[in-house]
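Step one of this worksheet: look at the structure below.
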Amino acid sequence: TYTNIDFGTVKGLTVGYDLRRTGNVTLRLNYTLQFANGTGSNAETSKALILSGQPNLRTTIPLEFDQRHALVGNLDYRFASGRAYNGPKVAGKDILQNTGANFTFNYGTGSPYSKKDINTTYLVGSINGSRKPSRFKINLRFDRDIELSYGKGATAEDRKKAALNVYLEITNLLNSKAIINVYQTTGNPDDDGFLTAAKNQSGINSQNSPEAYRNYYTMYINNPDNYSYARTIRLGLQLSF
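Below, the structure is given as structure tokens:
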């Protein structure tokens, strides 16, 4: 076992706005301003510095999970049933009763990372002195509640009740390519700079097929884990009884 004396300090401010159901609309907004600094993001930070020959540093730096700005919002637009229904009608029927749409969006600035030189892999600038790109995502959900009754009973009120919710859910509605991780040598999620570095050209050109080598390496280095999930569509049912 081992111990260290690293420390971290997180300071922030969160502001929220909550609009309760007004007509058909409900709205919630939350904004967070955060400063996360410390001497190490985890227990291995100082160990890595010591193994690289650096002194036992105690300078505060942005931590790996530091996100300066974050904005989360939720907008729900829904039609009620019965007398409260104010939506469109077809042949006198409330076609959109108990039906609604829910939008959720998330925006966040990028977290820090340490940029390195492509040729020497030495640190460029300061530790965690560079930032990943910002991320923005919208999710959308359409759903409808259907009241069900079952069992024995002379009237509908005497029977057991159940609720069926039918929904269509679309995550990452805009199919945005939100970047989660980047390569330290380039700051890009799909290129680590290996193919363009001058020191690697002789080795690449000595391959049986340099063009095929470049093609396969490009596919290999474009790691899907560096991005958030693409647009996903789900159709589902939820039964409550």
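Take any residue in the sequence shown, note its place counting from 1, add 402, and you have its number in the working numbering.
Note that the Cβ used here is the ideal one computed from N, Cα and C, for glycine as well.
- For R633, the three-state secondary structure derived from DSSP is coil.
- Note that the segment 486-504 does not touch the segment 429-444; fewer than 3 beta-carbon pairs, one per stretch, sit closer than 8 Å.
- If you draw a straight line from the Cα of Q586 to the Cα of K517, it is about 5 Å long.
- Beta-bridge partners assigned by DSSP to G510: A472, R537.
- Approximately 6 Å separates the beta-carbon atoms of Y629 and P591; this is inside 8 Å, confirming the contact.
- Residue pairing of Q640 in beta bridges, as defined by DSSP: N567.
- With 16 or more other CB atoms across the displayed protein chains lying within 10 angstroms of its CB, S513 is buried.
- At least 8 Å separates the beta-carbon of N508 from that of K534.
- For A600, the secondary structure class from DSSP, reduced to helix, strand or coil, is helix.
- Burial check for Q603: the Cβ neighbour count within 10 Å stays below 16, so the residue is exposed.
- Rounded to whole angstroms, the gap between the alpha carbons of T461 and T522 is 24 Å.
- Per DSSP, reduced to three states, the secondary structure at A482 is coil, with no helix or strand assignment.
- In this structure, the alpha-carbon of N530 lies about 28 Å from that of A632.
- When V427, E571, F437, L566 are compared, the shortest CA-CA separation from H471 is found for F437.
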